[in-house]
Structures are given as C-alpha cells and as structure tokens.
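First to last, the protein sequences are chains A and B. When the letters of the first sequence are read in order and numbered with our numbering, they come out as residues 1 to 112. When the letters of the second sequence are read in order and numbered with our numbering, they come out as residues 1001 to 1117. This report concerns only the one structure given below.
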Amino acid sequence: SQQGEEDPQALSIQEGENATMNCSYKTSINNLQWYRQNSGRGLVHLILIRSNEREKHSGRLRVTLDTSKKSSSLLITASRAADTASYFCATALSGGYQKVTFGTGTKLQVIP
Amino acid sequence: GAGVSQSPRYKVAKRGQDVALRCDPISGHVSLFWYQQALGQGPEFLTYFQNEAQLDKSGLPSDRFFAERPEGSVSTLKIQRTQQEDSAVYLCASSLALAGAGANVLTFGAGSRLTVL
C-alpha cells in the first residue's frame, strides 16, 4: 500500500510558471524524499528533507515539510519543458532500516 | 558499475511461465530494494536486502514471488507461474546506507517491464 498521496494527480503549466505539488503521508517519518520519473525510465532522486527540517532548497527546487500535518510540498520555480515528468514523494519510516515507500505521484506537463 | 543495471528490460511471458529478473546494483551498495510499479501508479515496495540478508519481504504479493541476493551484490527476483496481474514494471534500487546509519537515498535501475499474456 502507498504511504503517501500526492496532490494534484496531474498538473499542466506553461513554461516559466511555477509548479507546486503536495504530498501527505500517514505515519511518523525519519525523512522525506522527492523523486522524478521520466516516461519509461527509473526514478531519479531530487532532494531529501529530514524530519527536523522545515524547508530545503536545491537549485530551482524548494521543499517544505510540516510534520504536524504530515505533509510536504515541492515547488519547482521557472519551469522548463524538460521538467515534464512524474514526481513522487517517498518517506523513510522512523526506526528500523528506514524502509522507503512511495506516494501515488503527480504527473507534471510543462508546455513550451 | 556506474549505475544500477537491470535485465531484461522487457519480458513477455505466457501465463503460467516462470520468470527471473536480474538486478546488478552499484558496487559497494549495501542496501537493495525491489519495487513493483503498475501503469500510472507509484512504486510499491516488495522486498529489502541488506547485503545478502533479506530483512523485509512483507511486500511480496504471494508465495509465487521469491527474491535472493546470495553474495550480497547481484539480486534476482523470481516469479513462478506468472499471472496477468503480475504485469508491471519491476524496479530495483540500491543505496549505500546501512540500516540506521543514514538516509536511504536510492539509485534506481531503468526497470524490467513484464507483460504476462
């Protein structure tokens, strides 16, 4: 079963606009990661935020984490056609070996 | 190797056939995960290895699914008596992290797409 749920399921924007995707999860986590998947390919790690962090930046990516609401958001600024892909949040559960479970994904289309 | 390698990339099987999917992780990566991804869905956890030990197989959907990593490097996912509902992309991922020693940032292979007719 999926630990996380992304919202929206699909998003279509014009190149240059910002894209925001949200992720909600169910149980206590050690960290939360975002991955990108281009059609027919494996997933690529984008960014990781730990449970004691609230915000993190990497290039055009900004991730926030609210552990009280069990939610995270991924913001991609100044989107490009090459950002077209599916985006997944992934949570590593507290304790144990940090099993990584994925959400349902947001399909982003950036129109040139 | 430079990345995680999976083979075959595509496999078509008749219902009832056995299949074996191979994953060659990044050299030195301790952790290895298998996921199943249905069309339009997120990856679903199947099983986890730390070196040669299978520490979690809670996601394997039935006893027809079996995974091994006998020498702590290459792993094989075997599906016996395949059914149509087994059709999916099977993703392998590896990580340098030991259990409890840091975040499991995963490097994925391109996946093996299984179609059962």
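Glycine included, every Cβ here is placed at the ideal spot set by N, Cα and C.
- Counting the other Cβ atoms within 10 Å of the Cβ of B/E1052 gives fewer than 16, which makes it exposed.
- Two segments are said to touch when three or more pairs of C-beta atoms, one from each, lie closer than 8 Å; by this definition the segment 1012-1025 of chain B does not touch the segment 90-100 of chain A.
- Membership of B/Q1006 in the beta strand (DSSP E) is indicated by the continuous run 1005-1007.
- Around the beta carbon of A/N30, 16 or more other beta carbons sit within 10 angstroms, so the residue counts as buried.
- DSSP places B/D1018 outside both helix and strand once states are collapsed to three, so it counts as coil.
- A direct Cα-to-Cα measurement between A/L32 and A/T91 gives close to 5 Å.
- Taken in chain order, the complete beta strand (DSSP E) segments of 3 or more residues contained in the segment 24-94 of chain A are 29-37, 43-50, 55-58, 61-66, 71-76, 85-93.
- Under a criterion of Cβ atoms nearer than 8 Å, the residues of chain A adjacent to B/A1103 are, in order, N30, N31, Q33, L48, R50, A92, Q98.
- For B/A1013, the enclosing beta strand (DSSP E) has its first and last residue at 1010-1013.
- Going by beta carbons, A/A19 and A/K107 fall outside the 8 Å limit.
- In this structure, the alpha-carbon of B/L1117 lies about 6 Å from that of B/Q1084.
- Counting the other CB atoms within 10 Å of its CB gives B/N1104 a total of 16 or more, which places it among the buried residues.
- If the five residues before and after A/A85 are omitted, its C-beta is found closer than 7 Å to the C-beta atoms of R36, Q37, N38, L108, all from its own chain and listed in chain order.
- In this structure, B/T1107 places its C-beta atom within 8 Å of the C-beta atom of B/I1026.
- For B/E1085, the three-state secondary structure derived from DSSP is helix.
- In the DSSP assignment, A/V110 falls within the beta strand (DSSP E) that extends over 106-111.
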